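Here the sequence shown is numbered in full-length UniProt numbering, starting from 1 and rising by one per residue.
Accompanying notes for the structure given below.
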Amino acid sequence: MSDDVENRLFQNRYVVDTGKPHIHVVPHETPSEELKAMVHVCPAGCYSQNEHGQVEIVADGCMECGTCRVVCQNTGEIEWNYPRGGFGVLFKFG
Ligand code: SF4
1 MSDDVENRLF
11 QNRYVVDTGK
21 PHIHVVPHET
31 PSEELKAMVH
41 VCPAGCYSQN
51 EHGQVEIVAD
61 GCMECGTCRV
71 VCQNTGEIEW
81 NYPRGGFGVL
91 FKFG
């Protein structure tokens, strides 16, 4: 990612809805290849893999791009909703 893109993304702000994350990863033993890919694909770096190989999400900073929703739509491993009004990403335009 170029400095220009990173600087522009840095202008955005995020309001955390404490205790009410808008994306959940369903508990699993072994993640699908699609879910594992999200560790590298999510532009906000929300996904990580723990020491047992399971994929976890911290949705703070999610840009609501919907990539994980699309990539994992057939695996049933993600529950995805928009944040409640007033929470989530606040894009700075211009
Ligand atoms: S919607 Fe986009 S930014 Fe948010 S967790 Fe999914 S891939 Fe990451």
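Idealized CB from N, CA, C, for every residue including glycine.
Values in this document were obtained by computation on a predicted structure and should not be read as measured data.
Could you spell out where the beta strand (DSSP E) holding residue i opens and where it closes?
| i | result |
| --- | --- |
| R13 | R13 to V15 |
| V89 | G88 to L90 |
Please report the straight-line C-alpha distance between residue i and residue j, rounded to a whole angstrom.
| i | j | result |
| --- | --- | --- |
| Y14 | F87 | 7 Å |
| N12 | N74 | 31 Å |
| H40 | Y82 | 22 Å |
| N50 | E77 | 16 Å |
| T30 | G53 | 7 Å |
| E64 | V89 | 8 Å |
| S32 | G66 | 18 Å |
| E79 | P27 | 11 Å |
With residue i as the anchor, note down where its alpha helix (DSSP H) starts and where it stops.
| i | result |
| --- | --- |
| H40 | E33 to V41 |
| V5 | D3 to F10 |
Per DSSP, residue i forms a beta bridge with which residues?
| i | result |
| --- | --- |
| residue 102 | As displayed, the chain neither begins before 1 nor continues past 94, which places residue 102 out of reach and without an answer. |
### Task
Could you pull out every unbroken beta strand (DSSP E) segment of at least 3 residues lying fully inside the UniProt domain "4Fe-4S ferredoxin-type" (53-83), listed in chain order?
55-57 and 78-80
### Message
Under 8 Å, with one C-beta from each stretch per pair, do the region 7-27 and the region 54-64 reach the 3-pair mark?
### Response
yes
### Message
Does the region 3-20 come into contact with the region 29-36, if we say contact requires no fewer than three beta-carbon pairs (one atom in each stretch) closer than 8 Å?
### Response
no
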